[in-house]
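The opening residue of the sequence shown carries number 3 in our numbering; numbering runs sequentially from there. We put the CB at the ideal spot given by N, CA and C, even for glycine. A short write-up of the structure that comes next.
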Amino acid sequence: MKRTRRTPGGTLSSWLTRIAADGHGEQLDPRLIAVATDVVDTLHERPAGVHGAVYRFGNTLGADGWPGTQVFRWLFLLGDLLGRPQRVRLGQYPAQAALAQGWADGYVRGAHAGLCLDPTTGLVTALVLRLRLREAYGVDGAASIRPADAYTVVLVDVELRRLPPLEAGLLMLCVAD
Numbered sequence: 003m004k005r006t007r008r009t010p011g012g013t014l015s016s017w018l019t020r021i022a023a024d025g026h027g028e029q030l031d032p033r034l035i036a037v038a039t040d041v042v043d044t045l046h047e048r049p050a051g052v053h054g055a056v057y058r059f060g061n062t063l064g065a066d067g068w069p070g071t072q073v074f075r076w077l078f079l080l081g082d083l084l085g086r087p088q089r090v091r092l093g094q095y096p097a098q099a100a101l102a103q104g105w106a107d108g109y110v111r112g113a114h115a116g117l118c119l120d121p122t123t124g125l126v127t128a129l130v131l132r133l134r135l136r137e138a139y140g141v142d143g144a145a146s147i148r149p150a151d152a153y154t155v156v157l158v159d160v161e162l163r164r165l166p167p168l169e170a171g172l173l174m175l176c177v178a179d
């Protein structure tokens, strides 16, 4: 069976549809769309620059608070849409390492900027806590479910200042997972 060659626009559209279906649940963030576009355009037009593109993808999404495992899964979803040469380039260790380093740099930068991001939503922690409590008491109160029976708040504080940057990034990736 012969595969038809996808255009960059078709690849991007299919990939964004898969990302949205992978639990995002809302309209995709413009920053996510921009870095996804960068990855697809780079793979199609400048394949040698893929390491920089996946670094930027990881960095942007890490800074926005997305969990590292989800970012890696999204890149895996793209691989299914590519031809063999592009898929191989994307799956090689240097590209995966660039994604991990980009995510770690972005995530740690976001945390050290005093933002302390919720790894699922990317919202500021105090805001997330207020929002989640409001949602829990508002929605579940209407459904006759006690929030204490349905939810648990877990706070994780990790000391990163004394660790080298790569170790700190890897530790944050493990904690976010």
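State the start and end residues of the unbroken alpha helix (DSSP H) segment that holds L14.
The sequence position of residue 14 within the sequence shown is 12, counting from 1. Segment P10 to I21, the alpha helix (DSSP H) holding L14.
Can you tell me the Cα-Cα spacing of L14 and P32, whole angstroms?
Counting from one through the sequence shown, the residue named residue 14 turns up at place 12. Counting from one through the sequence shown, the residue named residue 32 turns up at place 30. If I take the Cα positions, the gap works out to 14 Å.
Taking L63 as part of the alpha helix (DSSP H), name the residues at either end of that continuous run.
Reading the sequence shown from its first residue, position 61 is the one you call residue 63. V52 to A65 is the extent of the alpha helix (DSSP H) around L63.
Can you name, in chain order, every residue of its own chain whose Cβ lies under 7 Å from the Cβ of C176, other than the five neighbours on each side?
As a first step, residue 176 must be located in the sequence shown, where it is residue number 174. There are no such residues.
Distance, Cα to Cα, G93 vs F59?
As a first step, residue 93 must be located in the sequence shown, where it is residue number 91. As a first step, residue 59 must be located in the sequence shown, where it is residue number 57. Near 15 Å, if we compare the C-alpha coordinates of F59 and G93.
Give me the Cβ distance between Q103 and Y57, rounded to the nearest whole Å; I'm assuming they're in contact under 8 Å.
If you number the sequence shown from 1, residue 103 lands on position 101. If you number the sequence shown from 1, residue 57 lands on position 55. Sure, about 6 Å apart at Cβ, within 8 Å.
Can you give the Cα-Cα distance for P10 and V160, rounded to whole angstroms?
Along the sequence shown, one-based indexing puts residue 10 at 8. Along the sequence shown, one-based indexing puts residue 160 at 158. If I take the Cα positions, the gap works out to 40 Å.
Exposed or buried, G66, counting other C-beta atoms within 10 Å across all chains shown (16 or more means buried)?
Counted from its first residue, the sequence shown places residue 66 at position 64. First, the amino acid is wrong: residue 66 is Asp here, not Gly. So D66 ends up on the buried side.
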